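A.B. asks: As they're listed, the protein sequences go chains A and B. Anchor point for the first sequence: position 249 equals 235 in this note's numbering, and the numbering is continuous, going up by one each time. Throughout, this note's numbering is defined as the position within the second sequence, counted from one, plus 1.
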Amino acid sequence: MTSDDKFLCIEDLGKIYASRQGQIVALDHVSLSVGAAEFVSLLGPSGCGKSTLLRCVAALERPTTGTINLRGNAVTEPPEDMSIVFQRDVLLDWLTVLRNILLPARLRRLPLDQWRPKAHALLELIGLDGFANRFPWELSGGMRQRVAICRALLLNPSLLLMDEPFGALDAMTRDELNLELQRLWIADAKTVLFVTHSIAEAVFLSDRIVVMSRSPGRVVDIVVVDLPRPRELSIRETPEFSRLVSRIRQTFEGFGMLRGTHVRA
Amino acid sequence: MFALDQSSAAWRTLHVGLVVVGFFVTWQLAVMLATPPEYLLPAPSAIFQEIMSAPLWFLEHALRTVGATMLGFVAAVAVGCLAAVGIVYSRFLEGTLYTLLVAMNSVPKVALAPLFIIWMGTGLSSKVAISFLIALFVIVVDTVLGLRSVDPDALDLFRSLRGGKLRTLLWLRAPNALPHLFAGMKVAVSLALVGAIAGEFVASQAGLGYVILSAQGAFQTTRVFAAVVLLGVLGTILFFAVDLAERIACPWHVSHRTRDRGREA
């Protein structure tokens, strides 16, 4: 377990943005270690720095202080075996579904013929076989995000970063994709960092939840979710699930959030 | 009539056609009723007879003008695209070439036509040069805009996949700029025609501009109108040729447009 804990090590991470109103502390002394094949959610209100943290891990942003280590190596540029899924699917309109999924192979100059079977297999796995030669604009929002997930999984990354991937979808599509993602993760366990602001989504999907507060963005609680897998949607009605949800909600309330009317003493 | 989908392309083409035909019919009737002298306002039927009296002669001059227009236009697209890429990737070119282009845009390029006659003579090359110059600006500006207006998330995606500058240009910026380029081309093709005519007005022995000027000197008003009508037809054909090229080159964009229009209706 201890060696697994070292898969991703975030130590004392700080990120300060300069703005006209002065400095904004997006991340303040954030430390976190994530084990191999662990599903960890970063949960918090908007502006708590959870996306910033994710972007630092992806090396899309440079932290002001602190270090990020992936398998013991400092992350200074986007890691080879890392993929990101954004809130918006970012599919390229001019490419077919299949060619969108093959984009990572193309950009890394890998032989496309070798990766085409994998792309088809992913499409089938996620229930979109038959859509390979369609264009993104012919697909619904949920289908587009599935394609984006296939694209992220193509090169079989060991670290998958997801930045509110289902935030733009309607509630039912979101439930469906939560189930789908869990199924994929159980079939082929990767380390997942999953940013969300939905408490229920975090509890449903995660092994551990990193609860964050805003201004400054810091970790206020880490919640272990020991619910058995595979989890059905009905697990959300169990007392164990409710207990975890209310514990997290109370943490937020303790920091002055989720109280309804903003009454200041 | 209301059964027709008013947003469809077929309906719009029919609508434009009907209005144009109505215009000529009204003109014909007005001339028949008021009988103005032919050197002031000939009837459309007389203009048609004028063209049919020497169709090959008109065709020869029309081809001359189209040739100059197309050469200038194609050169403007080629040079304009290269310049746009240079401007987007080089701070130096942006600060010099682009600044100069924008600053000089308020100079009416047509006013430079006599200069090009001095430099290049009264033949084809001076007309091509004026066409090129007048069409260049809009191509460069629209292509620069297209290359720049890339979704930041898509840029992050390419960075996370270690796309590199060249592959980001080829696989993201260039396709993204295509719809903008075509918007610029639609304006530029009409401007190129204006440039060719302007050159022919200043000094030439051939082309529809020459036909107009020489017929005007002899008070052959019907012939002037015949050349103007042919220019109108040419301009329309050139515009729709670019439109057709756009449909073939970026179907994703055309589909967006028709879908958006459908939503408005």
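Ideal Cβ positions, reconstructed from N, Cα and C, are used throughout, including at glycine. These numbers come from a predicted model, not from an experiment.
Work out the CA separation of residue 71/A and residue 103/B for me, nearest whole Å.
C.D. replies: For this step, residue 103/B is matched to residue 102 along the second sequence. For this step, residue 71/A is matched to residue 85 along the first sequence. Going by the C-alpha atoms only, they are around 39 Å apart.
A.B. asks: Expressed to the nearest angstrom, what Euclidean distance is found between the alpha-carbon atoms of residue 231/A and residue 244/A?
C.D. replies: Sequence index remark: in the first sequence, residue 231/A carries index 245 (1-based). Sequence index remark: in the first sequence, residue 244/A carries index 258 (1-based). Approximately 13 Å, taken between the alpha carbons.
A.B. asks: Spell out a yes or no on whether the segment 29 to 38 of chain A and the segment 169 to 185 of chain A are touching, meaning 3 or more CB-CB pairs, one atom from each, closer than 8 Å.
C.D. replies: yes
A.B. asks: Quick one: which chain A residues come within Cβ less than 9 Å of residue 157/B?
C.D. replies: Here residue 157/B refers to the residue found at position 156 when the second sequence is read from its first residue. In chain order: 41, 44, 46, 70, 72 and 76.
A.B. asks: Determine the DSSP secondary structure at residue -8/A, reduced to helix, strand or coil.
C.D. replies: Residue numbering aside, residue -8/A sits at position 6 when the first sequence is read from its first letter. Three-state DSSP puts residue -8/A in a helix.
A.B. asks: Under a three-way DSSP split, which group does residue 235/A fall into?
C.D. replies: Along the first sequence, one-based indexing puts residue 235/A at 249. In this structure, residue 235/A counts as helix in the three-state DSSP scheme.
A.B. asks: Determine the contact status of residue 0/A and residue 14/A, defining contact as a CB-CB distance below 8 Å.
C.D. replies: Sequence index remark: in the first sequence, residue 0/A carries index 14 (1-based). Sequence index remark: in the first sequence, residue 14/A carries index 28 (1-based). Cβ atoms of residue 0/A and residue 14/A: closer than 8 Å.
A.B. asks: Closer than 8 Å, CB to CB, is residue 251/B near chain A or not?
C.D. replies: Counted from its first residue, the second sequence places residue 251/B at position 250. True, the Cβ-Cβ gap to chain A drops below 8 Å.
A.B. asks: Could you work out which residue in 97/A, 18/A, 85/A and 140/A is closest to residue 52/A when comparing CA atoms only?
C.D. replies: Along the first sequence, read from residue 1 onward, the residue named residue 52/A stands at position 66. Checked all of 97/A, 18/A, 85/A and 140/A; the closest Cα to residue 52/A is 18/A.
A.B. asks: Is any beta-carbon of chain A found at less than 8 Å from that of residue 65/B?
C.D. replies: Position 64 of the second sequence holds residue 65/B. Not one chain A Cβ lies under 8 Å of residue 65/B.
A.B. asks: Note down the Cα distance separating residue 145/B from residue 86/B, rounded to an integer number of angstroms.
C.D. replies: Position 144 of the second sequence, counted from the first residue, corresponds to residue 145/B. Position 85 of the second sequence, counted from the first residue, corresponds to residue 86/B. So the two alpha carbons sit approximately 7 Å from each other.
A.B. asks: Would residue 172/A be called buried (16 or more neighbouring beta carbons within 10 Å of its own) or exposed?
C.D. replies: Numbered from its first residue, the first sequence carries residue 172/A at position 186. Exposed, because fewer than 16 other Cβ atoms sit within 10 Å of the Cβ of residue 172/A.
A.B. asks: Could you give the C-beta distance for residue 69/B and residue 208/B, rounded to a whole number, given that I count them as a contact under 8 Å?
C.D. replies: Here residue 69/B corresponds to residue number 68 of the second sequence, with the count starting at 1. Here residue 208/B corresponds to residue number 207 of the second sequence, with the count starting at 1. Yes, they are in contact, since the Cβ atoms of residue 69/B and residue 208/B sit about 7 Å apart, within 8 Å.
A.B. asks: According to the neighbour-count rule (16 or more other Cβ atoms, all chains shown, within 10 Å of its Cβ), is residue 88/B buried or exposed?
C.D. replies: Reading the second sequence from its first residue, position 87 is the one you call residue 88/B. Flag for residue 88/B reads buried.
A.B. asks: Look at the alpha carbon of residue 264/B and the alpha carbon of residue 151/A, and state the distance between them as a whole number of angstroms.
C.D. replies: Residue mapping note: residue 264/B aligns to position 263 of the second sequence, counting from 1. Residue mapping note: residue 151/A aligns to position 165 of the first sequence, counting from 1. Low confidence applies to residue 264/B: its pLDDT is 42, below 50, so where it sits in the model is not reliable enough to give any reading.
A.B. asks: Where does residue 1/A sit, in a helix, a strand or coil, going by DSSP?
C.D. replies: Stepping through the first sequence from its first residue, residue 1/A is reached at position 15. Strand.
A.B. asks: Can you look up residue 106/B in the DSSP assignment and give me helix, strand or coil?
C.D. replies: Numbered from its first residue, the second sequence carries residue 106/B at position 105. Residue state, collapsed to three classes: coil.
A.B. asks: Could you work out which residues of chain A lie near residue 152/B, taking near to mean beta carbons separated by less than 9 Å?
C.D. replies: Here residue 152/B corresponds to residue number 151 of the second sequence, with the count starting at 1. Those within 9 Å of residue 152/B in chain A are 74 and 76.
A.B. asks: Examine the Cβ distances between the segment 115 to 133 of chain B and the segment 175 to 186 of chain B and report whether three or more of them are shorter than 8 Å.
C.D. replies: no
A.B. asks: Going by DSSP, what residue range makes up the alpha helix (DSSP H) through residue 7/A?
C.D. replies: Within the first sequence, the letter at position 21 stands for residue 7/A. Here residue 7/A belongs to no alpha helix (DSSP H), and DSSP marks it neither H nor E.
A.B. asks: Could you check how far apart the C-beta atoms of residue 192/A and residue 26/A are, in whole angstroms? I think they sit under 8 Å.
C.D. replies: Taking the first residue of the first sequence as 1, we reach residue 192/A at position 206. Taking the first residue of the first sequence as 1, we reach residue 26/A at position 40. With 8 Å as the limit, residue 192/A and residue 26/A qualify as a contact, their Cβ atoms being about 6 Å apart.
A.B. asks: Are residue 109/A and residue 117/A closer than 8 Å when you measure CB to CB?
C.D. replies: Counted from its first residue, the first sequence places residue 109/A at position 123. Counted from its first residue, the first sequence places residue 117/A at position 131. Contact flag set, yes.
A.B. asks: Taking C-beta pairs closer than 7 Å, name the residues in chain A that residue 9/B reaches, listed in chain order.
C.D. replies: In the second sequence, counting from the first residue as 1, residue 9/B sits at position 8. Neighbours of residue 9/B on chain A: none; closest Cβ ~19 Å, over 7 Å.
A.B. asks: Residue 68/A bridges to which residues according to DSSP?
C.D. replies: As a first step, residue 68/A is located in the first sequence; it is residue number 82 there, counting from the start. Beta-bridge pairing links residue 68/A to 145/A.
A.B. asks: Using alpha carbons as the reference points, say which of 12/A, 23/A, 7/A and -3/A lies closest to residue 143/A.
C.D. replies: Translated into the one-based positions of the first sequence, residue 143/A becomes position 157. Measuring from the Cα of residue 143/A, the nearest candidate turns out to be 23/A.
A.B. asks: If the criterion is Cβ atoms closer than 8 Å, does the pair residue 202/B and residue 214/B meet it?
C.D. replies: Reading the second sequence from its first residue, position 201 is the one you call residue 202/B. Reading the second sequence from its first residue, position 213 is the one you call residue 214/B. Yes. Within cutoff.
A.B. asks: Starting from the Cα of residue 44/A, find the closest Cα among 12/B, 163/B and 115/B and give me that residue.
C.D. replies: As a first step, residue 44/A must be located in the first sequence, where it is residue number 58. The option with the nearest alpha carbon to residue 44/A is 163/B.
A.B. asks: With burial defined as no fewer than 16 other Cβ atoms inside 10 Å of the residue's Cβ, what is the status of residue 99/B: buried or exposed?
C.D. replies: Position 98 of the second sequence, counted from the start, is the residue given in the question as residue 99/B. Under this definition residue 99/B is a buried residue.
A.B. asks: CB residue 41/B to CB residue 222/B, shorter than 8 Å?
C.D. replies: Position 40 of the second sequence, counting from 1, holds the residue named residue 41/B. Position 221 of the second sequence, counting from 1, holds the residue named residue 222/B. Taking 8 Å as the Cβ cut-off, residue 41/B and residue 222/B qualify as a contacting pair.
A.B. asks: Are the beta-carbon atoms belonging to residue 46/A and residue 13/B less than 8 Å from one another?
C.D. replies: The count along the first sequence starts at 1 and reaches residue 46/A at position 60. The count along the second sequence starts at 1 and reaches residue 13/B at position 12. No, the pair does not count as a contact, with Cβ atoms beyond the cut-off.
A.B. asks: With a threshold of 8 Å between beta carbons, is residue 224/B in contact with chain A?
C.D. replies: As a position in the second sequence, residue 224/B is number 223, starting the count at 1. Residue 224/B does not count as touching chain A.
A.B. asks: Grouping DSSP H, G and I as helix and E and B as strand, with all else coil, what is residue 15/B?
C.D. replies: Locating residue 15/B in the second sequence gives position 14, counting from the first residue. Here residue 15/B sits in helix by DSSP.
A.B. asks: Tell me the start and end of each unbroken beta strand (DSSP E) in the segment 110 to 172 of chain B that is at least 3 residues and wholly inside, in chain order.
C.D. replies: none
A.B. asks: If I follow the unbroken alpha helix (DSSP H) through residue 195/B, where does it start and stop?
C.D. replies: Mapped onto the second sequence, residue 195/B falls at position 194. Taken as a continuous stretch (DSSP letters only), the alpha helix (DSSP H) holding residue 195/B covers 175 to 203.
A.B. asks: Flag residue 174/B as yes if its beta-carbon sits less than 8 Å from any beta-carbon of chain A, otherwise no.
C.D. replies: If you number the second sequence from 1, residue 174/B lands on position 173. Chain A contact via Cβ: absent.
A.B. asks: For chain A, check one thing: does any of its Cβ atoms lie closer than 8 Å to the Cβ of residue 164/B?
C.D. replies: Position 163 of the second sequence holds residue 164/B. For residue 164/B, the answer is yes, since a Cβ of chain A falls inside 8 Å of its Cβ.
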